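The sequence shown begins at 268 in my numbering and counts up by one.
Glycine included, each C-beta is placed from N, C-alpha and C at the ideal position.
Fair warning: this is a prediction, and the values are worked out from it, not measured in the lab.
Everything below concerns the one structure shown next.
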Amino acid sequence: MFYRAELHWLHLSILYFKKLAAILGISAYYHDSAAALLLDGKIVAAAQEERFTRVKHDESFPANAVKYVMEEAGMSLEKLSAVVFYEKPFIKFERLLETYHAFAPNGFSSFIHAMPVWIKDKIFMKKMLKDELKKMGKLNCPIWFPEHHLSHAASAFYPSPFEEAAILTIDGVGEWSTSTIGKGSWNKIEILKELHFPHSVGLLYSAFTYYTGFKVNSGEYKLMGLAPYGIPGSIQTESFKQKILAHLVDIKPDGSVLLNMDYFNFATGLRMTNNKKWEALFGIAPRNPENELTQDYMNLALAVQEVTEDIVLKMARHAKKLTGCKNLVLAGGVALNCVANGKLLKESIFESVWIQPASGDAGGALGSALAAWHIGFDRPRIPVIPDSMEGSYLGPDYSEIDIRKTIRKYNAKATHFDDFGELCSHVASLLAAGNVAGWFQGRMEFGPRALGNRSILGDARHPEMQRKLNLKIKYREGFRPFAPAVTAEKCKEYFDLDTSSPYMLLVAPVNESRRNQSITDETDLLKRLYHQRSDIPAVTHIDYSARIQTVHQKTNPEFYRLLKAFGQITGYEVLVNTSFNVRGEPIVCTPDDAYRCFMSTEMDLLVIGNFLFRKEDQAKLDGVLKGAKAMD
Ligand SMILES: [Fe+2]
């Protein structure tokens, strides 16, 4: 049942402003640490720590990200008006204590495992943060701690283009909240209802992520990608759904959920599920990550995906009823479930939906800073169209001098194009010939998706492109689909989508006129995977869906220009866009990272700024790896 929410925001006395009000937001110590900086309420910079340390989902104090955002603003820590941490550690600690108490004596071993860390570090978070920041400079401003879900809500509402909107935040868990429904109006946010731990949509989804052999907190995306391989309406899929609803989760009409904790271990143990009970219920064992993905797991993925979509739709309808708003904004890890988002849009419960691109906990850094500005300092807000995220291109960029340094360091061979248009035409013709390109331009994206500044690109029409990208470049699970990037104005020619999707957070079907006959009864996964489902097979998922990025001239003129150039040659203003990294590594940040990634895969060309690198011109891989090692 949803609870009425109480806001725990500290009542802030009026603080004097220094010349320019600078607010630093930080998320850390769970996963995806990040830092964000606001100057007089404007988002100046935001980045995840993993991009600098090269440790995927890095959870440590984001020293590099803080350093970067401060440099981007051209100021020292001394000038900050506030530092804001994205959650309240004391309340989180209280939740852990109460949970252990409620489930005692179960969970004693994980209790004694976790408590020393909490007592030593996390409940003294303020001191810990101060100590870390002091290493980087003088600090003479307060440190604030808004609630985890207020940070998510603020990250969803304040950058959105709406004066007023319903706010839905859904994730695993923050302090106590696992989902909230709120209302945003100008600079105010009111949290109307909360769903409390352990009853959590995010944790339900994570439990299935774990059971199907993927990593919790990062593999949820893979589970979503696996779901379309499930057979809709099949006896097994329907039976799995019935079992989930009868034994694991009770869904109320308002979308709130009650989990049957007999089946889950996350409250007390170090595992997500009670494996014995799950195996007895579903008749399949938890999948070992290295084992084959059989139809059983695909059907299980589809079952939980459909249950999740049902919950999200019910929550959205309830949010509409509570707020009466015509717009909806979303954040929290579950808001990255773009299949559910696509369904939400299709249902037309709200006229418009806006989703924070950094919807996971990294976005909490940004949200907490925005909450401090608009709620803490009570500063007004003027919504911006299309939004105030600057296309989410909020990370570092690199100059021509930096690129030349990389070229020299690796003794690389690159051609400089004075005319960017000429470079685009050249790259477009190479892409049209089936080559794969690393594409590195301008500021790095904030959030989990590469949106055309740190991307790997290929021709979506090419029958072998999906296989090539999976096996020779990304070294990742073959079943995972690739996403199309399409110029905003041509989107409707390819996809059944009426709105823009600049952050690749909406899934919609490929137009029927482009589809080829399906082979859904084929049991061989690889045959189904590589079946040419449309005239853009590399971005058409098995159920004809596509995870779309619309590219806009205003927010990414370089990528837009490349798509236009590709369209001039081929008639298609659409490309495969996948993140510039290999499996298990964070997306590249620097030209150096990009060159090393380029050389360690079978990518054919690399574009950094106005430089074009072709693989056949480069020195042997061995030499590069030596250089790379020297750098580590
Ligand atoms: Fe969260």
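- Quick one: what's got a C-beta closer than 7 Å to I740's C-beta in the same chain, skipping five residues either side? Position 473 of the sequence shown, counted from the start, is the residue given in the question as residue 740. Same-chain partners within the cutoff: V703, I723, T868, E869 and M870.
- Message: Let me make sure I understand the geometry here. Which of S501, G745 and V806 has the alpha-carbon closest to that of N737?
- Response: On the sequence shown, position 470 is the one that residue 737 refers to. Residue G745 is the option with its Cα nearest to N737.
- Message: Which residues does DSSP list as the beta-bridge partners of I434?
- Response: As a working note, residue 434 is residue 167 in the sequence shown. The partner list for I434 (beta bridge, DSSP) reads G449 and V596.
- Taking C-beta to C-beta, are E431 and C592 nearer than 8 Å? Counting from one through the sequence shown, the residue named residue 431 turns up at place 164. Counting from one through the sequence shown, the residue named residue 592 turns up at place 325. In this structure, C592 lies closer than 8 Å to E431 by Cβ.
- Message: Give me the residue from I551, A534 and T535 with the minimum Cα distance to N542.
- Response: Translated into the one-based positions of the sequence shown, residue 542 becomes position 275. Checking every option, the nearest Cα to that of N542 belongs to I551.
- Cβ-Cβ distance between F412 and K455 below 8 Å: Mapped onto the sequence shown, residue 412 falls at position 145. Mapped onto the sequence shown, residue 455 falls at position 188. No, these two residues do not count as a Cβ contact at 8 Å.
- Task: Collect the residues with a C-beta less than 7 Å away from any heavy atom of ligand 1 and give them in sequence order along the chain.
- Result: H415, H419, D438, G439, G441, G599, G600, G627, D628 and G631
- Own chain, CB closer than 6 Å to S812, minus 5 neighbours either side, in chain order: Taking the sequence shown and counting its residues from 1, the one referred to as residue 812 is at position 545. Once the five neighbours on either side are set aside, the close Cβ partners of S812 are V774 and P776.
- Counterpart residues of E457 in DSSP-defined beta bridges: On the sequence shown, position 190 is the one that residue 457 refers to. For E457, which the question treats as bridged, DSSP gives the partners K450.
- State the DSSP-derived secondary structure class of P495, mapped to helix, strand or coil. To locate residue 495, count along the sequence shown from 1; it is residue 228. P495: helix per DSSP, three-state reduction.
- Task: Pull up the distance between the alpha-carbon of D765 and that of R782, whole angstroms please.
- Result: Position 498 of the sequence shown holds residue 765. Position 515 of the sequence shown holds residue 782. Rounded to the nearest angstrom, the two C-alpha atoms are 19 Å apart.
- Message: Check for me: the beta strand (DSSP E) holding T817 runs from which residue to which?
- Response: Here residue 817 refers to the residue found at position 550 when the sequence shown is read from its first residue. Its beta strand (DSSP E) spans residues S812 to V818.
- Item | Given A301 as reference, the closest of D307, L291, Y564 and G308 once Cα atoms are compared | Working through the sequence shown from its first residue, we reach residue 301 at position 34. Comparing Cα positions, the closest option is L291.
- Sub-8 Å separation of L306 and A340 beta-carbons: Taking the sequence shown and counting its residues from 1, one reaches residue 306 at position 39. Taking the sequence shown and counting its residues from 1, one reaches residue 340 at position 73. The answer is yes: Cβ separation under 8 Å.
- Is it true that the CB of R710 sits closer than 8 Å to the CB of P663? Working through the sequence shown from its first residue, we reach residue 663 at position 396. Working through the sequence shown from its first residue, we reach residue 710 at position 443. A contact, by the Cβ cut-off of 8 Å.
- Item | Rounded C-alpha distance that separates G725 from K735 | Position 458 of the sequence shown, counted from the first residue, corresponds to residue 725. Position 468 of the sequence shown, counted from the first residue, corresponds to residue 735. Rounded to the nearest angstrom, the two C-alpha atoms are 10 Å apart.
- Query: Are the region 751–767 and the region 560–580 touching, with three or more C-beta to C-beta distances below 8 Å?
  - Reply: no
- Less than 8 Å separating the beta-carbons of A727 and V806? Translated into the one-based positions of the sequence shown, residue 727 becomes position 460. Translated into the one-based positions of the sequence shown, residue 806 becomes position 539. Closer than 8 Å, so yes.
- Which residue spans inside the region 624–679 form an unbroken alpha helix (DSSP H) run of at least 4? 629–638 and 667–676
- Query: Curious, which full-length alpha helix (DSSP H) runs of at least 4 residues does the region 500–583 contain?
  - Reply: 502–510 and 542–549
- Query: DSSP puts H683 in a beta bridge; with which residues?
  - Reply: By 1-based counting over the sequence shown, the position of residue 683 is 416. Bridge partners of H683: F878.
- Please classify F845: does DSSP put it in a helix, a strand, or coil? The residue you call residue 845 lines up with position 578 of the sequence shown. One point to set straight first is that residue 845 is Thr, not Phe, in the sequence displayed. Three-state result, T845: strand.
- Task: Please confirm whether E326 and A295 have their CB atoms less than 8 Å apart.
- Result: Here residue 326 is taken as the residue at index 59 of the sequence shown, counted from 1. Here residue 295 is taken as the residue at index 28 of the sequence shown, counted from 1. Taking 8 Å as the Cβ cut-off, E326 and A295 qualify as a contacting pair.
- Query: Do you know how far the Cα of T535 is from the Cα of M866?
  - Reply: Along the sequence shown, one-based indexing puts residue 866 at 599. Along the sequence shown, one-based indexing puts residue 535 at 268. Between M866 and T535, the C-alpha separation is close to 45 Å.
- Tell me the start and end of each unbroken beta strand (DSSP E) in the region 674–748 that is at least 3 residues and wholly inside, in chain order. 704–707 and 721–725
- Task: Tell me whether E883 sits in a helix, a strand or coil according to DSSP, three-state version.
- Result: In the sequence shown, residue 883 corresponds to position 616, counting from 1. Note: E883 maps to helix in three-state DSSP.
- Message: Please return the same chain residues whose Cβ sits closer than 8 Å to the Cβ of L400, not counting the five positions on each side in sequence.
- Response: Along the sequence shown, one-based indexing puts residue 400 at 133. So the qualifying residues of the chain are V333, L344, V350 and L406.
- Spatial distance of H275 from E442 (CA atoms): Numbered from its first residue, the sequence shown carries residue 275 at position 8. Numbered from its first residue, the sequence shown carries residue 442 at position 175. For H275, the predicted structure reports a pLDDT of 45, less than 50, and the residue's modelled location is therefore unreliable. A value from the coordinates is still provided. Near 11 Å, if we compare the C-alpha coordinates of E442 and H275.
- Message: Strictly by DSSP, which residues pair up with L291?
- Response: As a first step, residue 291 must be located in the sequence shown, where it is residue number 24. Per DSSP, L304 and V350.
- Nearest neighbour of M337, chosen from A312, H419, Y478 and T479 [CA to CA]: Residue numbering aside, residue 337 sits at position 70 when the sequence shown is read from its first letter. Among A312, H419, Y478 and T479, the Cα nearest to that of M337 is on A312.
- Message: Taking DSSP's pairing of strands, which residues face K309 in a bridge?
- Response: Residue numbering aside, residue 309 sits at position 42 when the sequence shown is read from its first letter. According to DSSP, K309 bridges with L306.
- Nearest to A679 by CA position, among M392, Y488, A861 and K394, is which residue? As a first step, residue 679 is located in the sequence shown; it is residue number 412 there, counting from the start. Checked all of M392, Y488, A861 and K394; the closest Cα to A679 is A861.
- Task: Specify the secondary structure class of R828 as computed by DSSP and reduced to three states.
- Result: For the purposes of this step, residue 828 is taken as the residue at position 561 of the sequence shown. Correct three-state label for R828: helix.
- Message: Rounded to the nearest angstrom, what separates E559 and G492 at their Cα positions?
- Response: Residue mapping note: residue 559 aligns to position 292 of the sequence shown, counting from 1. Residue mapping note: residue 492 aligns to position 225 of the sequence shown, counting from 1. Cα-Cα distance, rounded: 16 Å.
- C-alpha distance - V818 paired with N527, whole-angstrom precision: Along the sequence shown, one-based indexing puts residue 818 at 551. Along the sequence shown, one-based indexing puts residue 527 at 260. Computed Cα separation, rounded: 43 Å.
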